[in-house]
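First comes the structure, then the notes that go with it.
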Amino acid sequence: MPLEHLHDAVAEVLHLNNRPTTVTEIAAQIAEHDLWRRPSDNAHPQSRQIYARLNHHRDKFSWENGVVTLLGQQESGDRMFRLTWNTNDWQTPVKHKWRAANQGNSNIAFENQYGFGGEEWLFNTRYQQDGFQYGYIRGANELHPGGAPISTAYLFTIQQETGERYLVGRIRNLEIIGESTRSYKIAEKLFNKYKENFLEEIDIAEGDRQGIETEGFIPNVRFKFTGDELFEKPVLVPGLNGRRYNRFKPYYVDAALLAILNGHLPKGGFVFNPGVARNSTGFERHTTASGVAVKRHHSTITNALKKFLQPDFTEAKGNLSIEKTSFGVNTADIVLLHKKNEISIIEVKTSGIARKNVREAIGQLIDYAYWFDDIIVHSLIIVSPTPLSSNERDLIRRFQSHFKLKLEYWQYLENITGGQPSFTKHLS
Numbered sequence: 006m007p008l009e010h011l012h013d014a015v016a017e018v019l020h021l022n023n024r025p026t027t028v029t030e031i032a033a034q035i036a037e038h039d040l041w042r043r044p045s046d047n048a049h050p051q052s053r054q055i056y057a058r059l060n061h062h063r064d065k066f067s068w069e070n071g072v073v074t075l076l077g078q079q080e081s082g083d084r085m086f087r088l089t090w091n092t093n094d095w096q097t098p099v100k101h102k103w104r105a106a107n108q109g110n111s112n113i114a115f116e117n118q119y120g121f122g123g124e125e126w127l128f129n130t131r132y133q134q135d136g137f138q139y140g141y142i143r144g145a146n147e148l149h150p151g152g153a154p155i156s157t158a159y160l161f162t163i164q165q166e167t168g169e170r171y172l173v174g175r176i177r178n179l180e181i182i183g184e185s186t187r188s189y190k191i192a193e194k195l196f197n198k199y200k201e202n203f204l205e206e207i208d209i210a211e212g213d214r215q216g217i218e219t220e221g222f223i224p225n226v227r228f229k230f231t232g233d234e235l236f237e238k239p240v241l242v243p244g245l246n247g248r249r250y251n252r253f254k255p256y257y258v259d260a261a262l263l264a265i266l267n268g269h270l271p272k273g274g275f276v277f278n279p280g281v282a283r284n285s286t287g288f289e290r291h292t293t294a295s296g297v298a299v300k301r302h303h304s305t306i307t308n309a310l311k312k313f314l315q316p317d318f319t320e321a322k323g324n325l326s327i328e329k330t331s332f333g334v335n336t337a338d339i340v341l342l343h344k345k346n347e348i349s350i351i352e353v354k355t356s357g358i359a360r361k362n363v364r365e366a367i368g369q370l371i372d373y374a375y376w377f378d379d380i381i382v383h384s385l386i387i388v389s390p391t392p393l394s395s396n397e398r399d400l401i402r403r404f405q406s407h408f409k410l411k412l413e414y415w416q417y418l419e420n421i422t423g424g425q426p427s428f429t430k431h432l433s
């Protein structure tokens, strides 16, 4: 039997689905279940009429991009939140370009109004109590507190210079904190306890501490802290580019968005990805002269290695991977495939100090070699333009002997009289 009011029919569909639902779906389900008819012509409502009715009942519904949520209903389903851009692992704020003239303009990101964003303390461990991390996510303000935790909250950010979108982590069982709860009292106590630190960190980032009066920033979410919420390396996701994912909203993760995210999430088990990666700007751009020089030198050595490894390892044979094979979310410089799941891993370092190159490369190589348990390591190879002293040779020999590491050191020789750049293999 049809209901008396259209908004009651919309609420009924949302209750039946127990999830946010598109207006198109709502219209179809009202017709399918004959939940409401227009008194004027006894017809079922179209999407346009549903939108008009939603506008009259903003106290009951919220909607974005055609997806309607019933306020007060438990927030089922996964969400994606935008975080303020940050390169300090969201523990303290970084500097942002901002102008006082932008303040109060809701079309401009908060960090460009006041020089900081509330999410920049999201993973600061001083806001932990009893195993829970308390933090602020601006998009969470649009969700009803007190419902079931959000099963998976995906976190992304926008690179402030390039506009590229990066997936930076995911939180399991994210709770939205309501003001009348015990969790809110804990959040308020933690925030006030460290308020002076909070303000000092805004000053260090050269922001405007008056922004705290605008938003408040008392933590509005909490989650059981496990330590694997943030990815060690943010993941570039071109599918999030464009105006659709600009805002600090609780984006509902439907099938289409999940397909975009799944293509970039860390996967279990080793997968060799042959080929040569295209250059990318990266999460942190190299804008200083020294940073550009290091990156250029690194590319020069990598290109020379590509030629040096021929004809045994080539793109055509499908056994050469340059910056395309990942271990977790971290990508090795070069991976060579000898046979199924038997690999060599090469890390290129450019410092003029050999010990520094060895120290940095070994940490990465060991991390890659033992990240998966389904690979056989043929060799771990450090490549550097710097020769080894007797002390550094002895150091590598001790690594080989004591830890049974199949470790090699190749020196890059760039300017060879009458010849092409080459490599000398030490301790191989």
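Per the numbering used here: the sequence shown = residues 6 to 433. Using N, Cα and C, we set each Cβ at its ideal position, and we do this for glycine too. Only a predicted model underlies this, so the values are computations on that prediction, with no experimental measurement involved.
* Assign Y199 to one of three DSSP states: helix, strand, or coil. => Your numbering for residue 199 matches position 194 in the sequence shown. Coil at Y199, not helix or strand.
* Asked: Does the beta-carbon distance from F137 to F196 come in below 8 Å?
  -> Along the sequence shown, read from residue 1 onward, the residue named residue 137 stands at position 132. Along the sequence shown, read from residue 1 onward, the residue named residue 196 stands at position 191. No, the Cβ-Cβ distance between F137 and F196 is not below 8 Å.
* E125 versus T27, I181, D259, F222, residue with shortest Cα-Cα distance -> Stepping through the sequence shown from its first residue, residue 125 is reached at position 120. E125 has its Cα closest to that of F222, out of T27, I181, D259, F222.
* Please name the residue in I207, L235, Q133 whose C-alpha comes closest to that of S188. => Sequence index remark: in the sequence shown, residue 188 carries index 183 (1-based). For S188, the closest C-alpha among the options I207, L235, Q133 is that of Q133.
* Asked: Do you know offhand how far A282's Cα is from A33's?
  -> Start at 1 with the first residue of the sequence shown, and residue 282 comes out as number 277. Start at 1 with the first residue of the sequence shown, and residue 33 comes out as number 28. Distance between A282 and A33, taken at the CA atoms: about 46 Å.
* **Bounding residues of the alpha helix (DSSP H) (the contiguous stretch that carries Q54)** => For the purposes of this step, residue 54 is taken as the residue at position 49 of the sequence shown. Unbroken alpha helix (DSSP H) run through Q54: 52-60.
* Report all residues from its chain with a CB closer than 7 Å to the CB of Y171; omit the five preceding and five following residues, and keep chain order. => In the sequence shown, residue 171 corresponds to position 166, counting from 1. F161, T162, Q164, P239, V240, L241, V242, F288.
* Span of the alpha helix (DSSP H) holding G140? -> Locating residue 140 in the sequence shown gives position 135, where the first residue counts as 1. Note, G140: premise wrong, no alpha helix (DSSP H); beta strand (DSSP E) at 137-140.
* When G368, R301, N91, R175 are compared against E166, the one with the closest alpha-carbon -> To locate residue 166, count along the sequence shown from 1; it is residue 161. Of the candidates G368, R301, N91, R175, the one whose C-alpha sits nearest the C-alpha of E166 is N91.
* **CA nearest to the CA of R301, picked from H269, N251, L266, T355** => Locating residue 301 in the sequence shown gives position 296, counting from the first residue. Selected option, being the one with the closest Cα: T355.
* **Element boundaries [beta strand (DSSP E), containing S394]** => Within the sequence shown, numbered from 1, the residue matching residue 394 stands at position 389. It is not in any beta strand (DSSP E) - S394 carries neither H nor E in the DSSP assignment.
* Have a look at H149, L148, P390 and flag the residue whose alpha-carbon is nearest the alpha-carbon of I358. => Here the question's residue 358 lines up with position 353 in the sequence shown. Closest by C-alpha distance to I358, out of H149, L148, P390, is P390.
* Residue from I207, F318, D83, Q118 whose Cα sits closest to the Cα of A153 -> Sequence index remark: in the sequence shown, residue 153 carries index 148 (1-based). For the residues I207, F318, D83, Q118, the minimum Cα distance to A153 belongs to D83.
* Excluding the 5 residues preceding and the 5 following G122 in the sequence, name in chain order all residues of the same chain whose CB lies nearer than 6 Å to its CB. => Within the sequence shown, the letter at position 117 stands for residue 122. Closer than 6 Å at the Cβ level, and outside the excluded window around G122, lie T89, F115, E116.
* Asked: CB A106 to CB K65, shorter than 8 Å?
  -> In the sequence shown, counting from the first residue as 1, residue 106 sits at position 101. In the sequence shown, counting from the first residue as 1, residue 65 sits at position 60. Contact flag unset, no.
* Going along the chain, which residues of its own chain have a beta-carbon closer than 8 Å to the beta-carbon of T29, five neighbours each way excluded? -> Position 24 of the sequence shown, counted from the first residue, corresponds to residue 29. Counting only Cβ-Cβ distances below 8 Å, and skipping sequence neighbours, we find S52, G71.
* Per DSSP, the bridge partner or partners of R87 -> Here residue 87 refers to the residue found at position 82 of the sequence shown. In DSSP, R87 forms a bridge with F161.
* Distance, I380 Cα to G120 Cα -> By one-based count along the sequence shown, residue 120 stands at place 115. By one-based count along the sequence shown, residue 380 stands at place 375. Near 46 Å, if we compare the C-alpha coordinates of I380 and G120.
* **From T97, R252, L179, A158, residue whose alpha carbon lies closest to that of L204** => Translated into the one-based positions of the sequence shown, residue 204 becomes position 199. With distances taken between Cα atoms, L204 lies closest to T97.
* To do: Could you tell me which residues DSSP pairs with V73 in its beta bridges?
  => Reading the sequence shown from its first residue, position 68 is the one you call residue 73. Paired residues: T26, W68.
* Asked: E5 lies in the alpha helix (DSSP H); which residues open and close that run?
  -> No statement about residue 5 is possible, as the shown extent of the chain runs from 6 to 433 and does not include it.
* To do: Use the C-beta contact count for Q118: other C-beta atoms within 10 angstroms, 16 or more gives buried, fewer gives exposed.
  => Translated into positions along the sequence shown, residue 118 becomes position 113. A buried status is given to Q118, since no fewer than 16 other beta-carbon atoms sit within 10 Å of its beta-carbon.
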